[in-house]
Amino acid sequence: MTTSILDMQHITFQTAAKTKDEALQFIADFAKEQGIVKSAKAYYKGLKKREEEVTTGFKNSIAIPHCKHKTVKKPGLILVKFKNPIDWESMDNQPVHITFALAIPEGKNQEHLTLLSTISRALIDEAFTKKILEASTTEEMFTVIKNKLLTQGN
Amino acid sequence: MSKKKIVGVTACSAGIAHTYMAAESLEKAGVAKGYEMKVETQGSIGVENKLTPLEIEEADVVILAVEINIDMSRFVGKRVLRVRAAEAIKNPETLIERALNQATTYGEKGTKAGIAKMGKTEEGGFFQHIMAGISYMIPMVIASGLILAIANVYAFQKDEAGRIVNWGFDTSTFIGDLMSNLFSVGQVGFLLMIPLFAGFVANSIAGKPAIAAAMIGTYIANDAEMLGAEAGGGFLAAILVAFAAGYLVKVLKKIPYPKMIQPIVPIMILPLVSTLIISIFVLYVIGTPMASMMDFLYQGLTTLNQNYAAAPVIVGVIIGAMVGFDLGGPINKTALVFGTAVFTDTVAKYGIEGANFVPQTATQAAISVAPLGIWLASILFKKKFSPTEKVSAHSAFGMGMVGVTEGAIPFAAQDPIRMIPAFVAGSAVAGGLAAGLGAKFYGGIGSPLGTFIGYIEQPIPFVTWIFSVMTGVLVTAVIIGFTKKKVE
Chain A
218 MTTSILDMQH ITFQTAAKTK DEALQFIADF AKEQGIVKSA KAYYKGLKKR EEEVTTGFKN
278 SIAIPHCKHK TVKKPGLILV KFKNPIDWES MDNQPVHITF ALAIPEGKNQ EHLTLLSTIS
338 RALIDEAFTK KILEASTTEE MFTVIKNKLL TQGN
Chain B
435 MSKKKIVGVT ACSAGIAHTY MAAESLEKAG VAKGYEMKVE TQGSIGVENK LTPLEIEEAD
495 VVILAVEINI DMSRFVGKRV LRVRAAEAIK NPETLIERAL NQATTYGEKG TKAGIAKMGK
555 TEEGGFFQHI MAGISYMIPM VIASGLILAI ANVYAFQKDE AGRIVNWGFD TSTFIGDLMS
615 NLFSVGQVGF LLMIPLFAGF VANSIAGKPA IAAAMIGTYI ANDAEMLGAE AGGGFLAAIL
675 VAFAAGYLVK VLKKIPYPKM IQPIVPIMIL PLVSTLIISI FVLYVIGTPM ASMMDFLYQG
735 LTTLNQNYAA APVIVGVIIG AMVGFDLGGP INKTALVFGT AVFTDTVAKY GIEGANFVPQ
795 TATQAAISVA PLGIWLASIL FKKKFSPTEK VSAHSAFGMG MVGVTEGAIP FAAQDPIRMI
855 PAFVAGSAVA GGLAAGLGAK FYGGIGSPLG TFIGYIEQPI PFVTWIFSVM TGVLVTAVII
915 GFTKKKVE
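For the record, the sequence lines run as chains A and B. Residue 218 is where the first sequence starts when you use the working numbering, and the numbers rise one by one after that. Residue 435 is where the second sequence starts when you use the working numbering, and the numbers rise one by one after that.
1) Considering only residues of the same chain and omitting the five flanking positions on each side of G633(B), which have a CB-CB separation below 7 Å?
2) From Q231(A) to E470(B), what distance separates their C-alpha atoms?
3) So what's F275(A) in DSSP terms, helix, strand or just coil?
4) Pairing CB atoms from the stretch 850 to 863 of chain B with CB atoms from the stretch 753 to 760 of chain B, are three or more of them under 8 Å?
5) Taking a Cβ distance cut-off of 7 Å, strictly less, list which residues of the stretch 336 to 349 of chain A are near chain B, in chain order.
6) Is there contact here, the stretch 727 to 744 of chain B with the stretch 812 to 828 of chain B, by at least three beta-carbon pairs under 8 Å?
7) Find the nearest neighbour of L717(B) within the set P746(B), G667(B), L616(B) and I752(B), judged by alpha-carbon distance.
8) Which residue's Cα is closest to the Cα of V836(B): F617(B), I504(B), S569(B) and I913(B)?
9) Do you know offhand how far K438(B)'s Cα is from L686(B)'s?
10) Could you list which residues in chain B have their beta carbon closer than 7 Å to that of E270(A), in chain order?
11) What does the alpha-carbon distance come out to for the pair K546(B) and V771(B)?
12) Step through the CB atoms of chain A and report whether any lies within less than 8 Å of the CB of M471(B).
13) Please state if the CB of M627(B) and the CB of M571(B) are separated by a distance shorter than 8 Å.
14) In its own chain, which residues sit with a C-beta less than 8 Å from the C-beta of G915(B), not counting the 5 before and 5 after it?
15) Which same chain residues end up closer than 7 Å to K285(A) when comparing Cβ atoms and leaving out the 5 residues on each side of it in sequence?
16) Taking the alpha helix (DSSP H) that M660(B) belongs to, which residues open and close that run?
17) According to DSSP, what are the bridge partners of R516(B)?
18) Pull up the distance between the alpha-carbon of T555(B) and that of A676(B), whole angstroms please.
19) Taking the continuous alpha helix (DSSP H) assigned at K817(B), which residues delimit it?
20) Any idea what DSSP makes of Q536(B), helix, strand or coil?
21) Within 10 angstroms of its Cβ, does S353(A) collect 16 or more other Cβ (buried), or is it exposed?
22) Spatial neighbours of F896(B) within its chain, please: C-beta separation below 7 Å, excluding the five flanking residues on both sides.
23) Grab me the residues of P643(B)'s own chain with a C-beta within less than 6 Å of its C-beta, minus the 5 sequence neighbours each way, in chain order.
24) So that I know if they touch, is there some Cβ in chain B lying closer than 8 Å to that of L253(A)?
25) Label V441(B) either buried or exposed according to how many other C-beta atoms from any shown protein chain fall within 10 Å of its C-beta, with 16 as the threshold for buried.
26) In terms of residue numbering, what span does the alpha helix (DSSP H) encompassing K258(A) cover?
27) With 8 Å as the threshold, decide whether the Cβ of M565(B) is near any Cβ in chain A.
28) What residues from chain B crowd round L332(A), counting only those whose CB sits closer than 7 Å?
29) Given that a residue counts as buried once 16 or more other Cβ atoms are within 10 Å of its Cβ, and exposed if not, what is L367(A)?
30) How about G841(B): is its C-beta nearer than 8 Å to some C-beta of chain A?
So this is what it looks like as structure tokens:
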């Protein structure tokens, strides 16, 4: 069930983006490429709107941009590791290196939402975030996350 | 020193990420500091890890890391610190310490628990509480009402002549015995439904501690024997008692109890004190007026009946109106008792030829008008009835057809200002017509069916009776159609 949300294909490395806006744009395009959303533009706008309400930049170089939007076809997690540090107005004022972008379709889908909330909770665990930051391949990241989700339970 | 107990609620505007990260941060930080922590999340999944009233009562402080309005009524009287969800993620340790040291009591004058207005606690008021009570009462009304209605059909027996009908169960047969028992089952439901309603109205106002006082108080208010009255107070008394109990508990909650006894306040102190006060209020304040009101009404009816013996329509209208007023309450009971008493007295004195049928005929013509009127209105004015109301209206039909007026109570309790005039008008019309047209109700079922199941002497067989009752039903339905608000 984990793989329906988190797919190795949904993890990528990116080197070009330098600003939050470029990063969000990249995430949206990547989501479209992976068939998670119908329109990259609509998803980008949704993410942007959420950022305007309150920043999703947390601690330890991680941001978790997300939105619930009708353009989302299936719930998904898109993981991007950026080469350049990106200013995300995060809580510890540190630049962001990794984004956990969540795509949530409209309507109710309890099981997937629970999984996404588990991921959110997992990000509080510093040992976990450290491992992700240190991971150098998509396979490694995938394994770290999968193991974490399995141990976190429900 | 025992472990400090901290509870919290987290919620953010999207309900996807911050809610859960904030909860996780708080839990981790709290546990690390050796506190007992429980954090409720109100996210897009719904409410998880819900705080119980007991946990809230026992908590030393409440931390609300929320960005949306949440229901604050649970936290009245508690020390509350309200911050943005992000703060709980950023620095949970500091937040917890700040909460323990700086949280202010929520809901007391001159203090503020955080930012701006706190959402939905005040809206609705009276209506919201009544609706809460009704939603819990309806299943019981329907179940017991329909059981009662089925049993009632078997209660009418014809004598050897096959005409005059006795009301009662022939318990010598199996079916008769069963129906007699089912009738009692239905009555138990009707006995319980009014206190149940009151209990949940009070629960809506002041939470669980108020249920005991409201249910016990309402039960007493409907127990004529305990009150020393001829009849109980019906659902109008239930509304009165429920609000008295609810607001009494609300006031009692505000008393600053010593910390040592705080844990037992909601489970012992509040229910005990409020039940004592409400019971005494019902016994000594409501009981006597109810008895004297019945007495007064009864005397008034006697005078009316003596003075206007020549104009049955006047007596019929007044008796009919009384039947429709409180659907089984004291005014309704006065009219019913009066009708039966006048009939049996005059039969005893003057024989069946000289008996006065007027009050009894009017009560029986009027008794089914309220439930049937509701049903007809739900058919004619579909848009003004919610799906739940339609189900209630259909079961009201079943009850109305066998003369069980209580089927209309949920509607009367929900919207007394509009419903009661409609019931009174229709019932008065039915009572006035039946009496005025010279129908004589000997016995049977108080509904349009009474002319078939029972014995009613009337100028035009079947037609006079059905016409009288159905005209009343139509009047009630039309008034409801015009006054009832549209369903949103």
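Note that CB positions come from ideal geometry on N, CA and C, so glycine has one too. Treat the numbers as computed from the prediction; the structure is a model and nothing was measured.
This is what the structure gives:
1) On the second sequence, residue 633(B) is found 199 positions in, with the first residue counted as 1. Closer than 7 Å at Cβ, skipping near neighbours: I645, A648 and M649.
2) In the first sequence, the residue the question calls residue 231(A) occupies position 14. In the second sequence, the residue the question calls residue 470(B) occupies position 36. Each residue's Cα considered, the two are about 43 Å apart.
3) Counting from 1 along the first sequence, the entry for residue 275(A) is found at position 58. F275(A) falls in the coil class under three-state DSSP.
4) yes
5) S337, R338, L340 and I341
6) no
7) Translated into the one-based positions of the second sequence, residue 717(B) becomes position 283. Ranking P746(B), G667(B), L616(B) and I752(B) by Cα distance to L717(B) puts G667(B) first.
8) If you number the second sequence from 1, residue 836(B) lands on position 402. The option with the nearest alpha carbon to V836(B) is F617(B).
9) Within the second sequence, numbered from 1, the residue matching residue 438(B) stands at position 4. Within the second sequence, numbered from 1, the residue matching residue 686(B) stands at position 252. Approximately 25 Å, taken between the alpha carbons.
10) Position 53 of the first sequence, counted from the start, is the residue given in the question as residue 270(A). Here the neighbours are S447.
11) Indexing the second sequence from 1 puts residue 546(B) at position 112. Indexing the second sequence from 1 puts residue 771(B) at position 337. Summary for K546(B): the model assigns pLDDT 39, below 50, so the residue's position carries little reliability, and this model does not support an answer.
12) For the purposes of this step, residue 471(B) is taken as residue 37 along the second sequence, with counting starting at 1. The beta carbon of M471(B) does not come within 8 Å of any beta carbon belonging to chain A, so the residue lies off that interface.
13) Here residue 571(B) refers to the residue found at position 137 of the second sequence. Here residue 627(B) refers to the residue found at position 193 of the second sequence. Cβ distance < 8 Å, so M571(B) and M627(B) count as in contact.
14) For this step, residue 915(B) is matched to residue 481 along the second sequence. Counting only Cβ-Cβ distances below 8 Å, and skipping sequence neighbours, we find A811, L814, F815 and K818.
15) Indexing the first sequence from 1 puts residue 285(A) at position 68. I321 and E323, listed in sequence order.
16) Taking the first residue of the second sequence as position 1, residue 660(B) is located at position 226. Element bounds for M660(B): A658 to L661.
17) Here residue 516(B) is taken as the residue at index 82 of the second sequence, counted from 1. R516(B) pairs with L498(B).
18) If you number the second sequence from 1, residue 555(B) lands on position 121. If you number the second sequence from 1, residue 676(B) lands on position 242. Unreliable placement is indicated for T555(B), whose pLDDT of 38 sits below 50; the coordinate value is still reported in the next sentence. Rounded to the nearest whole angstrom, the C-alpha separation of T555(B) and A676(B) is 19 Å.
19) Locating residue 817(B) in the second sequence gives position 383, where the first residue counts as 1. Note, K817(B): premise wrong, no alpha helix (DSSP H); not H, not E.
20) Walking along the second sequence from the start, residue 536(B) turns up at place 102. If DSSP states are grouped into helix, strand and coil, Q536(B) belongs with the helices.
21) Mapped onto the first sequence, residue 353(A) falls at position 136. Under this definition S353(A) is an exposed residue.
22) Against the second sequence, residue 896(B) aligns to sequence position 462. Answer for F896(B): T885, listed in chain order.
23) As a working note, residue 643(B) is residue 209 in the second sequence. These residues qualify, in order along the chain: V683, P700, L704 and P705.
24) Stepping through the first sequence from its first residue, residue 253(A) is reached at position 36. The sequence given here places Ile at residue 253(A); Leu does not occur at that position. For I253(A), the answer is no, since every Cβ of chain B falls outside 8 Å of its Cβ.
25) Numbered from 1 along the second sequence, position 7 holds the residue referred to as residue 441(B). It counts as buried.
26) The residue given as residue 258(A) occupies position 41 in the first sequence. First-last of the alpha helix (DSSP H) with K258(A): A257 to E270.
27) As a first step, residue 565(B) must be located in the second sequence, where it is residue number 131. Judged by the 8 Å Cβ criterion, M565(B) is not in contact with chain A.
28) Within the first sequence, the letter at position 115 stands for residue 332(A). Residues of chain B passing the Cβ test: none, with the nearest at roughly 10 Å.
29) Counting from one through the first sequence, the residue named residue 367(A) turns up at place 150. So L367(A) ends up on the exposed side.
30) The count along the second sequence starts at 1 and reaches residue 841(B) at position 407. Answer no: the Cβ-Cβ gap between G841(B) and chain A never drops below 8 Å.
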